[in-house]
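Asker: Have a look at the structure that comes next, please.
There are 2 protein chains.
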Amino acid sequence: MANLDAAFSALADPTRRAILARLALGEATVMELVEPFELTQPAISRHLKVLEGAGLIVRRVEGTKRPCRLAPTAVAEIDQWLGMLRRALETNYDRLDGVLAAMKPEQ
Amino acid sequence: MANLDAAFSALADPTRRAILARLALGEATVMELVEPFELTQPAISRHLKVLEGAGLIVRRVEGTKRPCRLAPTAVAEIDQWLGMLRRALETNYDRLDGVLAAMKPEQ
DNA sequence: TGTTTATATAACAAGTAAGTTATATAAAAG
DNA sequence: CTTTTATATAACTTACTTGTTATATAAACA
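Those sequence lines, one after another, are chains L and X. Here our numbering is used: position 93 in the first sequence is 93, and no number is missing along the way. If you want our numbering, it's the 1-based position in the second sequence plus 1000.
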């Protein structure tokens, strides 16, 4: 699961999360993604490269433009891994509930 | 949501994800967490500090030991943020389905 | 009390990340 | 064909990360 490194690492940056949030509203070109940020175009281009490398976005070629949109696969992978933690936390809660329930009568 | 930076960043490291996977099986002390890795104790101690800072684990004091266990809050936060992407991807799929459905008759 | 055990911290080296400016490329427009 | 527009890449700087070894602290034990 080497790709989780890239996916989580990509999501660790607030600019990249903001880009994903923007793409959640629909496709956007590089310049459209540059506009809302106080960053240069090369900086955004590199963020997009990171997101693409992590499988979080895909791009198509449209003349000189490169419209980006969300890709589905990485999120599914992340969800799957987090599911392990979720289940463990639920189990631990159940265990705690059990402990508390067992303690109640004596109190 | 400044904590998402810390949470995703913490999850980006495979050693830290392995530690979390171990803690999903139950509480463990620092030395118990060092054992399965080819890393020194200070390295693991720092990983644990990162995980704690991200709200992914909590520790209690038990004599000279510091048993660690999973903390629930951060995973919930992450899930919440990913929910935004999930919903967007579903919507985009629906949209694509719509487009494909609209195309079918003409083909 | 002196030693061992469990953990944390400091100091440092090497690698990676994220920003910048300058420049390259290639399609579009005139 | 020349210019503009959209994007990518290179070179560089600064800062952070992750590992190491050496050392500190404090509880447990003998």
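Glycine included, C-beta positions come from ideal geometry on N, C-alpha and C. What you are looking at is a predicted structure, and each value in this text was computed from that prediction instead of being measured.
Nearest to V1058 (chain X) by CA position, among X:R1087, X:L1004 and X:V1030, is which residue?
Answerer: Taking the first residue of the second sequence as 1, we reach residue 1058 (chain X) at position 58. Ranking X:R1087, X:L1004 and X:V1030 by Cα distance to V1058 (chain X) puts X:V1030 first.
Asker: Check each residue of the segment 1069-1096 of chain X: if its Cβ is closer than 8 Å to any Cβ of chain L, include it; give the result in chain order.
Answerer: Here the close residues are R1069, L1070, P1072, V1075, I1078, D1079, W1081, L1082, M1084, L1085, R1086, R1087, A1088, L1089, N1092 and Y1093.
Asker: Could you give the distance in angstroms between the alpha-carbon of F1037 (chain X) and the alpha-carbon of N1003 (chain X)?
Answerer: Locating residue 1037 (chain X) in the second sequence gives position 37, counting from the first residue. Locating residue 1003 (chain X) in the second sequence gives position 3, counting from the first residue. When rounded, the distance between both Cα atoms is 27 Å.
Asker: Closer than 8 Å, CB to CB, is P1067 (chain X) near chain L or not?
Answerer: Against the second sequence, residue 1067 (chain X) aligns to sequence position 67. P1067 (chain X) does not count as touching chain L.
Asker: Using 8 Å as the cut-off, can you tell me whether the segment 13-32 of chain L makes contact with the segment 79-87 of chain L, which would need three or more C-beta pairs spanning the two stretches below that distance?
Answerer: They do not touch, by the three-pair rule.
Asker: Excluding the five sequence neighbours on either side, which residues of its own chain have a C-beta within less than 6 Å of the C-beta of K65 (chain L), listed in chain order?
Answerer: One-based indexing of the first sequence puts residue 65 (chain L) at position 65. Taken in chain order, the residues that qualify are T29.
Asker: Can you give me the C-alpha to C-alpha distance between W1081 (chain X) and G1063 (chain X), rounded to a whole angstrom?
Answerer: Along the second sequence, one-based indexing puts residue 1081 (chain X) at 81. Along the second sequence, one-based indexing puts residue 1063 (chain X) at 63. Between W1081 (chain X) and G1063 (chain X), the C-alpha separation is close to 38 Å.
Asker: Would you check if the distance between the CB atom of P1067 (chain X) and the CB atom of E1027 (chain X) is smaller than 8 Å?
Answerer: Here residue 1067 (chain X) corresponds to residue number 67 of the second sequence, with the count starting at 1. Here residue 1027 (chain X) corresponds to residue number 27 of the second sequence, with the count starting at 1. Yes, the pair counts as a contact, with Cβ atoms nearer than the cut-off.
Asker: Beta-carbon of L11 (chain L) versus every beta-carbon of chain X: anything under 8 Å?
Answerer: Numbered from its first residue, the first sequence carries residue 11 (chain L) at position 11. Cβ-Cβ to chain X under 8 Å: yes for L11 (chain L).
Asker: Please determine, among X:P1042, X:G1083, X:A1074 and X:R1069, the residue with the shortest C-alpha to C-alpha distance to A1007 (chain X).
Answerer: As a working note, residue 1007 (chain X) is residue 7 in the second sequence. When only C-alpha atoms are compared, the closest one is X:A1074.
Asker: Mind checking if P42 (chain L) is an interface residue toward chain X, Cβ cutoff 8 Å exclusive?
Answerer: As a first step, residue 42 (chain L) must be located in the first sequence, where it is residue number 42. Chain X contact via Cβ: absent.
Asker: Does the beta-carbon distance from V34 (chain L) to Q41 (chain L) come in below 8 Å?
Answerer: Along the first sequence, one-based indexing puts residue 34 (chain L) at 34. Along the first sequence, one-based indexing puts residue 41 (chain L) at 41. Yes; because the gap between Cβ atoms is below 8 Å, this pair is in contact.
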